[in-house]
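Student: Please see the structure below; I have some questions.
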Amino acid sequence: MAKIGFIGTGIMGHPMALNLQKAGHSLFLSQHHDPAPADLLAGGAVALANPKEVAQEAEFIIVMVPDTPQVEDVLFRADGVAAGVGKGKVVIDMSSISPTATKTFAAKINEKGAQYLDAPVSGGEVGAKAATLSIMVGGDSAAFERALPLFQAMGKNITLVGGNGDGQTAKVANQIIVALNIQAVAEALLFAAKNGADPAKVREALMGGFASSKILEVHGERMIKGTFDPGFRISLHQKDLNLALQGAKELNINLPNTANAQQVFSTCAAIGGSNWDHSALIKGLEHMANFSIRDK
Numbered sequence: 001m002a003k004i005g006f007i008g009t010g011i012m013g014h015p016m017a018l019n020l021q022k023a024g025h026s027l028f029l030s031q032h033h034d035p036a037p038a039d040l041l042a043g044g045a046v047a048l049a050n051p052k053e054v055a056q057e058a059e060f061i062i063v064m065v066p067d068t069p070q071v072e073d074v075l076f077r078a079d080g081v082a083a084g085v086g087k088g089k090v091v092i093d094m095s096s097i098s099p100t101a102t103k104t105f106a107a108k109i110n111e112k113g114a115q116y117l118d119a120p121v122s123g124g125e126v127g128a129k130a131a132t133l134s135i136m137v138g139g140d141s142a143a144f145e146r147a148l149p150l151f152q153a154m155g156k157n158i159t160l161v162g163g164n165g166d167g168q169t170a171k172v173a174n175q176i177i178v179a180l181n182i183q184a185v186a187e188a189l190l191f192a193a194k195n196g197a198d199p200a201k202v203r204e205a206l207m208g209g210f211a212s213s214k215i216l217e218v219h220g221e222r223m224i225k226g227t228f229d230p231g232f233r234i235s236l237h238q239k240d241l242n243l244a245l246q247g248a249k250e251l252n253i254n255l256p257n258t259a260n261a262q263q264v265f266s267t268c269a270a271i272g273g274s275n276w277d278h279s280a281l282i283k284g285l286e287h288m289a290n291f292s293i294r295d296k
């Protein structure tokens, strides 16, 4: 059983940490931002003052925070992870952040004698709670093998994609696919409902054909019922698509459909939906159409 520092116990991080604890691992939590969750403390987790202290105590240090600036702060603040790591320790960033910044962060951590893995996840809050997350890993293969039992306590589809930054690149690709699938389902249901068909029945019919997908199954139902509590917030998906579009600019390629999906998310944000679940992309389309598939 491993000694694990876990920094970032929010919507995703909390159930991930809980699954590690249930698997028998020892947890060390940083209280530099928020108090440690009571249930984790009740299960034996130790609360410490800052990321440096966590890194000093733990063999593995997992970071699960919202965006690139927060990862940089946790790692490199004066009392950050980098100040407490050394040879034999593994830093695992499971946040979804910039692949370019990840390579820089990894180089700095590796210079300390520790090893760095970028290991973003897909599967949302449901997958985090059920320990069925897909985990995309970039980094050294030996460090990956050491960390594999931890990943197996949190997820099911675990892939070493390549070197540092490649895990984050895979996650950005994942978010492109998810966004475009959500938009496809939303557009199809809007078209069907505006044309007079029952969107629930259309969804049921499509689930038996080639258009069937997890997005149609789960998020299609959310769209029809109007249940848009996150989940995965639109603001976070916007952040991920920004990473895709910025990366595309750096690579001198065009991602026109990704850019279009980002514009629809921006419409949702403009009407107060930044914290809606990303399946609420349909509300941006409904706003532009002045028509709701649920108002029938």
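The sequence shown begins at 1 in full-length UniProt numbering and counts up one residue at a time. Note that CB positions come from ideal geometry on N, CA and C, so glycine has one too.
Can at least three beta-carbon pairs, one atom from the segment 42–50 and one from the segment 60–70, be found at a separation below 8 Å?
Tutor: Cβ pair count under 8 Å is below three, so no.
Student: Counting beta carbon pairs with one atom in the segment 249–264 and one in the segment 213–228, are three or more of them shorter than 8 Å?
Tutor: In short, these stretches do not touch, since the Cβ pair count stays below three.
Student: Could you tell me the alpha carbon to alpha carbon distance between lysine 89 and phenylalanine 60, rounded to whole angstroms?
Tutor: Taking the straight line joining both Cα atoms gives about 6 Å.
Student: Distance check for glycine 196 and methionine 16, CA to CA, integer angstroms please.
Tutor: When rounded, the distance between both Cα atoms is 43 Å.
Student: On the CB-based measure, 16 or more other CB atoms within 10 Å of its CB, does threonine 102 come out buried or exposed?
Tutor: When all chains shown are included, threonine 102 counts as buried.
Student: Look at the alpha carbon of valine 126 and the alpha carbon of leucine 29, and state the distance between them as a whole number of angstroms.
Tutor: Each residue's alpha carbon lies about 23 Å from the other.
Student: Drop a sphere of 10 angstroms on the beta-carbon of asparagine 260, count the other beta-carbons inside from all chains shown, and report buried for 16 or more, exposed for fewer.
Tutor: Classification for asparagine 260: exposed.
Student: Mapping DSSP to helix, strand and coil, what is leucine 160?
Tutor: Of the three classes helix, strand and coil, the one that applies to leucine 160 here is strand, per DSSP.
Student: So, helix, strand or coil for methionine 136, using DSSP?
Tutor: Residue state, collapsed to three classes: strand.
Student: What do you reckon, is the C-beta of phenylalanine 6 under 7 Å from a heavy atom of the ligand ADP?
Tutor: Ligands displayed in this structure: none; no statement on the ligand ADP is therefore possible.
Student: Could you name the residues of the same chain whose beta carbon sits closer than 8 Å to that of glycine 86, not counting the 5 residues immediately before and after it, in chain order?
Tutor: These residues qualify, in order along the chain: Lys112, Gly113 and Ala114.
Student: Beta-carbon within less than 7 Å of residue 331's beta-carbon, same chain only, minus the 5 sequence neighbours each way: which residues are those?
Tutor: Within the shown structure, residues of the chain are numbered from 1 to 296, placing residue 331 beyond reach of any answer.
Student: Compare the beta carbon distance of isoleucine 4 and leucine 150 with 8 Å and say whether it is the shorter of the two.
Tutor: A contact, by the Cβ cut-off of 8 Å.
Student: Leaving out five residues on either side along the sequence, give the residues of the same chain with a beta carbon under 7 Å from the beta carbon of alanine 186.
Tutor: Met223, Leu281, Ile282 and Leu285, listed in sequence order.
Student: Tyrosine 116 and valine 91 look like a contact to me (Cβ under 8 Å); what is the Cβ gap, rounded to whole Å?
Tutor: 5 Å between Cβ atoms; contact.
Student: Please classify glutamate 204: is it buried, with 16 or more other beta-carbons within 10 angstroms of its beta-carbon, or exposed?
Tutor: Flag for glutamate 204 reads exposed.
Student: Would a C-beta distance cut-off of 8 Å place valine 63 and serine 95 closer than the cut-off?
Tutor: For valine 63 and serine 95, yes; Cβs fall inside 8 Å.
Student: Which residues share a DSSP beta bridge with leucine 117?
Tutor: Looking at the DSSP assignment, leucine 117 forms a beta bridge with Ile92 and Gly139.
Student: How big is the Cα-Cα spacing for glycine 162 and serine 274?
Tutor: Roughly 33 Å between the two C-alpha positions.
Student: Tell me whether arginine 222 sits in a helix, a strand or coil according to DSSP, three-state version.
Tutor: Correct three-state label for arginine 222: helix.
Student: Write down the C-beta distance between isoleucine 135 and glycine 155 rounded to the nearest angstrom, noting that I regard them as a contact closer than 8 Å.
Tutor: Confirmed, about 4 Å.
Student: Candidates Met288, Ile109, Phe105 and Gly272: which alpha carbon is nearest glycine 84's?
Tutor: When each option's Cα is compared against that of glycine 84, the closest is Ile109.
Student: For phenylalanine 228, tell me which candidate among Ser212, His278, Gln262 and Leu216 has the shortest Cα-Cα distance.
Tutor: For the residues Ser212, His278, Gln262 and Leu216, the minimum Cα distance to phenylalanine 228 belongs to His278.
Student: CB valine 65 to CB valine 54, shorter than 8 Å?
Tutor: No, Cβ-Cβ distance for valine 65 and valine 54 is not below 8 Å.
Student: Note down the Cα distance separating alanine 153 from valine 137, rounded to an integer number of angstroms.
Tutor: Roughly 15 Å separates the two Cα atoms.
Student: Look at the Cβ atom of leucine 48, then the Cβ atom of leucine 40, and state whether they are nearer than 8 Å.
Tutor: Their beta carbons are not under 8 Å apart, which means leucine 48 does not touch leucine 40 by this criterion.
Student: How long is the line joining the alpha carbons of alanine 58 and alanine 289, rounded to whole angstroms?
Tutor: For alanine 58 and alanine 289, the distance between alpha carbons rounds to 53 Å.
Student: Kindly indicate which residue of Gly10, Met1, Pro35 and Asp34 has the alpha-carbon position closest to the one of alanine 23.
Tutor: Nearest option by C-alpha distance: Met1.
Student: Less than 8 Å between the beta carbons of asparagine 174 and aspartate 118, yes or no?
Tutor: Not closer than 8 Å, so no.
Student: Could you give the distance in angstroms between the alpha-carbon of lysine 214 and the alpha-carbon of isoleucine 293?
Tutor: The straight-line gap from Cα to Cα measures roughly 20 Å.
Student: Under three-state DSSP, which class holds lysine 239?
Tutor: Helix at lysine 239.
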